[in-house]
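**Student:** Below are the C-alpha cells for one structure; questions will follow.
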Amino acid sequence: AQSVSQHNHHVILSEAASLELGCNYSYGGTVNLFWYVQYPGQHLQLLLKYFSGDPLVKGIKGFEAEFIKSKFSFNLRKPSVQWSDTAEYFCAVKPNTNAGKSTFGDGTTLTVKP
Amino acid sequence: EAGVTQSPTHLIKTRGQQATLRCSPISGHTSVYWYQQALGLGLQFLLWYDEGEERNRGNFPPRFSGRQFPNYSSELNVNALELEDSALYLCASSVHTGSSYNEQFFGPGTRLTVL
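Right, here's the structure in full:
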C-alpha cells in the first residue's frame, strides 16, 4: 500500500520568503502526483500535478514542484510567498493503475506573516 | 459550470444513529470519491464509485457504506455512529477511471458532529 509523508506540519514565513514543502511517498510502481491547496473557508483545489515527462511542473500562483524519482519526492516550491498563500497544502499520490486510489498526506499549514 | 455539491452542510447526530450524506458530481463526471478529514488529520480515503460500482474502499469498518445512483450522484451512509466519526466528509468527482490521470474536484464538505 502506498503512503505519503509531509515533513512539516506547520510552516510560518514572512512575505517574500522562499518556500519549500517536503513530500515523500512510498509506492513501487508508476504514480501520478498532486499538490492540493485549501485556502481558509474554501474548497480543496488542485495546485499542480505530475504524470510524466518534465519532472519540474508549474502550477497556479507561481508554485512549482519537482519530481525526483530516485528520492520518491515531490517537493513544492515558491520563490517568494505572499500573505494570500496562507493555506493548508496537501500532497497526494495516485498509482497509475485502473483501481488505484489517491493517498493524501496529513497536510502542511502555511502561515505567511505580512 | 457547477462544481461538486454536498448536502447537508452540517449534520448533528447522536451516538448510535445513522447519518446519510449526499454528493452531486460535476456534470459529465462518472467517478465519485469520499474522504474523511478528522480534525488535525489529513484526508483518509473512504470509498470510490464509478459507473455505479464500488471500485475501491479504504480501511474503514463496514458501517461506512455508500452507493452511486444512475445519475452519478452518491450517498455515504454511516451506521451506528460513534463519537470519533465526527469529521468533515469530503466528496470529490473526476471524469473517468482508467490508467490515465484523473484530477479530482472537491466539494465543500459535510461537517458531521456526533454527540
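So the sequences go chain by chain: A and B. Positions 1 to 114 (my numbering) are the ones given, in order, by the first sequence. Positions 1001 to 1115 (my numbering) are the ones given, in order, by the second sequence. For glycine and all other residues, C-beta sits at the position ideal for the given N, C-alpha and C. As the structure is a computational prediction, the values presented were derived from the model and not from experiment.
Considering only the beta carbon of each residue, do V124 (chain A) and L21 (chain A) sit closer than 8 Å?
**Tutor:** As displayed, chain A neither begins before 1 nor continues past 114, which places residue 124 (chain A) out of reach and without an answer.
**Student:** Tell me which residues share the same chain as L1083 (chain B) and place their Cβ nearer than 6 Å to its Cβ, disregarding the 5 neighbours each side in the sequence.
**Tutor:** For L1083 (chain B), where only same-chain residues beyond five positions count, the Cβ hits under 6 Å are V1114.
**Student:** What is the DSSP secondary structure of I12 (chain A), reduced to helix, strand or coil?
**Tutor:** Here I12 (chain A) sits in strand by DSSP.
**Student:** Whole angstroms are fine: how far does the CA of F1064 (chain B) sit from the CA of R1015 (chain B)?
**Tutor:** Those two C-alpha atoms are separated by around 14 Å.
**Student:** Report the neighbours of G1042 (chain B) on chain A: residues whose CB is nearer than 7 Å to its CB, in chain order.
**Tutor:** Going along chain A in sequence order, the residues near G1042 (chain B) (Cβ under 7 Å) are F90, F104, G105, D106, G107.
**Student:** Once the 5 residues before and after Q1017 (chain B) are set aside, which same chain residues still bring their CB inside 7 Å of it?
**Tutor:** Result list for Q1017 (chain B): L1081, in chain order.
**Student:** Can you tell me the Cα-Cα spacing of S73 (chain A) and E1053 (chain B), whole angstroms?
**Tutor:** Cα-Cα distance, rounded: 33 Å.
**Student:** Going by beta-carbon coordinates alone, are Y1033 (chain B) and Q1104 (chain B) separated by less than 8 Å?
**Tutor:** In contact: Y1033 (chain B) and Q1104 (chain B) (Cβ atoms closer than 8 Å).
**Student:** Among residues of its own chain, excluding the 5 on either side of S1099 (chain B), which ones have a beta-carbon nearer than 6 Å to its beta-carbon?
**Tutor:** Reliability fails at S1099 (chain B), whose pLDDT of 48 lies under 50, so the model's placement of it is uncertain and the value that follows must be treated cautiously. Cβ within range, chain order: n/a, list empty.
**Student:** Between the alpha carbons of S102 (chain A) and N1056 (chain B), how many angstroms are there, rounded?
**Tutor:** C-alpha separation (whole angstroms): 10 Å.
**Student:** Between A:L110, A:P95, A:K94, which lies nearest to Q82 (chain A) when the distance is taken from Cα to Cα?
**Tutor:** Selected option, being the one with the closest Cα: A:L110.
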